[in-house]
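This report refers to the structure that appears directly beneath it.
2 protein chains.
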Amino acid sequence: MSEYRIRAEQLQDFAATVLKRAGVPAADAEDAADVLVWANRRGVDTHGVRNLKTHYADKVSDGSIKGTPEFRIEYETPISARVDGDNGLGLVAGCWGMRLAMKKAREVGIGMVAMRNSNHFGAAGYYPAMALAEDLIGVGLTGMLWAQGNQIGVVPTFGARAMLSTNPIAIGFPAQDEPDFLLDMATSTTPMNRVVMRQELGQPIPEGWALDAEGRSTTDPSMAKMLLPLGGTREHGSHKGYGLAVMVETLCALLSGGWGALTEPLPNGLDHDQTRDAHFFAAVRVDLFRPLDEFKQGMDAMIRALRATPRQPDQDRVYVAGEIEHHTERKRLREGIPLPANVVADLWELSRRFDVTLSLEKR
Amino acid sequence: MSEYRIRAEQLQDFAATVLKRAGVPAADAEDAADVLVWANRRGVDTHGVRNLKTHYADKVSDGSIKGTPEFRIEYETPISARVDGDNGLGLVAGCWGMRLAMKKAREVGIGMVAMRNSNHFGAAGYYPAMALAEDLIGVGLTGMLWAQGNQIGVVPTFGARAMLSTNPIAIGFPAQDEPDFLLDMATSTTPMNRVVMRQELGQPIPEGWALDAEGRSTTDPSMAKMLLPLGGTREHGSHKGYGLAVMVETLCALLSGGWGALTEPLPNGLDHDQTRDAHFFAAVRVDLFRPLDEFKQGMDAMIRALRATPRQPDQDRVYVAGEIEHHTERKRLREGIPLPANVVADLWELSRRFDVTLSLEKR
């Protein structure tokens, strides 16, 4: 399936140059490219350069996303900020917001930033990973809830209309010698692209992944229109995944000014809504509680205890969040990043449009 | 099944008096009783007075839990504290810890308290509900991870030994006219008592709830020994429930000093472990971000939009976290709290042992 591969640094240069030529300032383009290539390095290809054209470059080119936004702090305290993302690239807004949270954390121990009026920010895990690089605890969330529902997305438990996006939770804790703990999870059972993949392979999907257009459970990926919250069914705890999705929405969109005074009322009298994607970032210093080195040694001890769990008969071993991606990153930094044909086609198109060299290796 | 009922205030008096006579100071006994009766008022009977005898009164009486602990702040900043719970009642320690977090939040906007060396603290949702009463955002977590596993508990994904407790997440956001959003969820698919309930009814359990003693999936409740993380199977996202459980453990036990310098190394060289139950409490002022009234109006708008979601064909309606419990509380404050026979038997035993009047109504 992956006929081509590319060195991570070459992919970074390519993506950054494309965005620069689309009108994004140089430093912002480097940030945005790093978010995408980080996902590819770690095997999270759903959030990598496969989206460079459709989610980002095309939208900056056609003006539906601003290439040169002015992020504006609308309200601020030493430990918090509410920010207007000015309809900028979410990848750029996310880096800007997380840096603001980290600056506050360095100064006073914690920083929390709620941002509205942004766009798709890539892999949520990138933002806590920024904090981990400075041994801070990091949190990155992104939330969307449509007041009148949406064609695609996640249904509330018992609901038959998509109201929520996959509203992911990402959180990271620094370890010492072990890979850092880094959880990055959609609050739905599965992302839509795994449904599409099953359809392409001609395979059914399990019960608990999706509903058809009428809100009935389906195992036919071609009929699957709406995703179910983590848990799948009420009996398996879907109210928990749904509750987490609303928690994410509240921290992102409600704290940043959505669903009220800062947004327009809806035509049908349904009160308000949110403006575009909303995010929440937090960074926390471990030494608010205990010395950093002791904490990191404790993380190593805990991670090793989990890894030593006796395994189920048909399984190789037990993992800890972020570990598989950590090993994938080491491998891909050595061997290059594999790219499937459809992604390569998009990248060639960008290469021609913006006159940027694309150096691929045939596998 | 529920042959008896009791007024909430009478149950509160009874539970508080039992604990006082068991050796708990008066104010602490009132706190502990309120945590339990709050759960009963809201229909969370698994965490109510059914545990008064076995989890709390018996253990204070036999000295395995201290009735008069001295909670000690081991380290503190204006926004954080690490606390030694001194092997006290978790119900009392929890109220003390949450009040400390709320005091910090009132003073500087946020308060975070990590506490080790505590015990079972009842329903996690009680602690964010304390914050909601003052229009603060509230968080309550409790975590346990046994370095060498345990007979009962939750397995990591792919694991065949219980390593984690059900490590719940509770978080609350204040609303205006609607019931406050209050999510209180175990990070396992289901609690053990629902497995036991199915066994008593002679019913099978669904795939994805539990494993047998050898780590094989089972639908026979009598064979079920270990619980699965939320998601159930890897295909349904159990690595997410497992990841959330480890997140809870880290915020509770790692920040409070577990798995390192403050705990003893294990005999088999497996580094360290944690001391007893660990908790994490946080309170956050909404006006760190936006005016409280606007936020609460926004919460109402969001809650109403969710409630207006078109429902699945076989369902009555869509709910929001905390709503069902809110309505149960109104009903039980009117009609009294139903108590099943096995709970009544425990309460009678306590009534005799501590010479406390128990006023039940026969239904």
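Order-wise, the sequence lines are chains A and B.
Here the first sequence is numbered in the working numbering, starting from 29 and rising by one per residue.
Here the second sequence is numbered in the working numbering, starting from 29 and rising by one per residue.
Even glycine gets a Cβ: it sits at the ideal position worked out from N, Cα and C.
Model, not experiment: these values are computed from the prediction.
{"Query": "Buried or exposed by the 16-neighbour rule on C-beta atoms within 10 Å, applied to THR82(B)", "Result": "exposed"}
{"Query": "TRP66(B) - containing beta strand (DSSP E), residue span", "Result": "Looking at the DSSP string, TRP66(B) is not in any beta strand (DSSP E); the run it does join, the alpha helix (DSSP H), is 54-69."}
{"Query": "Range covered by the beta strand (DSSP E) that runs through VAL278(B)", "Result": "The sequence given here places Thr at residue 278(B); Val does not occur at that position. No beta strand (DSSP E) contains THR278(B), which DSSP labels as neither H nor E."}
{"Query": "Per-residue burial, TRP376(B) [other beta carbons within 10 Å of its own, 16 or more giving buried]", "Result": "exposed"}
{"Query": "Within chain A, the residues that GLY243(B) reaches when beta carbons sit closer than 8 Å", "Result": "PRO338, ARG339, GLN340, PRO341"}
{"Query": "ALA289(A) to ALA109(B) span [Cα, whole Å]", "Result": "35 Å"}
{"Query": "Residue span of the alpha helix (DSSP H) that contains ASN115(B), given as start and end", "Result": "It is not in any alpha helix (DSSP H) - ASN115(B) carries neither H nor E in the DSSP assignment."}
{"Query": "Under the three-state DSSP convention, the category LEU401(A) falls into", "Result": "Since the displayed chain A opens at 29 and closes at 391, residue 401(A) lies outside it and no answer follows."}
{"Query": "Runs of beta strand (DSSP E) wholly within the segment 203-255 of chain B (minimum 3 residues, chain order)", "Result": "209-213"}
{"Query": "Opening and closing residue of the alpha helix (DSSP H) in which HIS355(A) lies", "Result": "351-363"}
{"Query": "Where GLN340(A) falls: helix, strand or coil (DSSP)", "Result": "coil"}
{"Query": "Beta carbon proximity, TYR155(B) to chain A, threshold 9 Å", "Result": "no"}
{"Query": "Contact residues within the segment 318-330 of chain B, judged by C-beta distance below 7 Å to chain A", "Result": "ARG318, GLU322, PHE323, GLN325, GLY326, MET327, ALA329, MET330"}
{"Query": "Short CB-CB distance (under 9 Å) between PHE201(A) and chain B", "Result": "yes"}
{"Query": "With 16 other Cβ atoms within 10 Å as the buried cut-off, status of THR45(A)", "Result": "buried"}
{"Query": "Beta-carbon gap between LEU367(A) and ARG33(A) smaller than 9 Å", "Result": "yes"}
{"Query": "Alpha carbon of PHE42(A) to alpha carbon of ARG358(A), nearest angstrom", "Result": "21 Å"}
{"Query": "Local conformation of ALA152(A) per DSSP, three classes", "Result": "coil"}
{"Query": "Residue-chain proximity (MET172(A), chain B), Cβ-Cβ < 9 Å", "Result": "no"}
{"Query": "Length of the line joining the Cα atoms of THR303(A) and GLY153(A)", "Result": "23 Å"}
{"Query": "Segment contact, 8 Å Cβ cut-off, at least three pairs: the segment 199-212 of chain A with the segment 236-244 of chain A", "Result": "no"}
{"Query": "Beta-carbon proximity check, LYS132(B) vs VAL141(B), cutoff 9 Å", "Result": "yes"}
{"Query": "LEU64(B) to LEU320(B) span [Cα, whole Å]", "Result": "30 Å"}
{"Query": "For TYR270(A): DSSP bridge partner residues", "Result": "Paired residues: none, contrary to the question."}
{"Query": "GLY137(B) to TRP66(B) span [Cα, whole Å]", "Result": "27 Å"}
{"Query": "Whole-angstrom C-beta distance between LEU80(B) and ASP374(B), which should lie under 8 Å", "Result": "7 Å"}
{"Query": "Assigned exposure category for GLN340(A) - 16 Cβ within 10 Å defines buried", "Result": "buried"}
{"Query": "Neighbour flag for THR185(B) against chain A, beta carbons, 9 Å", "Result": "yes"}
{"Query": "Beta-carbon separation (whole angstroms), ARG49(B) vs VAL384(B), contact threshold 8 Å", "Result": "7 Å"}
{"Query": "Closer than 9 Å to chain A by CB, HIS300(B)", "Result": "yes"}
{"Query": "Cβ-Cβ separation, SER193(A) to MET172(A) (assumed contact under 8 Å), whole Å", "Result": "4 Å"}
{"Query": "Environment of GLN40(B) [buried if 16+ CB atoms lie within 10 Å]", "Result": "buried"}
{"Query": "Limits of the beta strand (DSSP E) - the one that MET143(A) falls within", "Result": "138-146"}
{"Query": "Min CB distance MET275(B) to chain A below 9 Å", "Result": "yes"}
{"Query": "Residue span of the alpha helix (DSSP H) that contains PHE42(A), given as start and end", "Result": "36-50"}
{"Query": "Beta-carbon neighbours of PRO351(B), restricted to chain A and to distances below 8 Å", "Result": "A small correction: the amino acid at residue 351(B) is Glu; Pro does not occupy that position in the sequence shown. What GLU351(B) touches in chain A: nothing, since even the nearest Cβ is about 11 Å away."}
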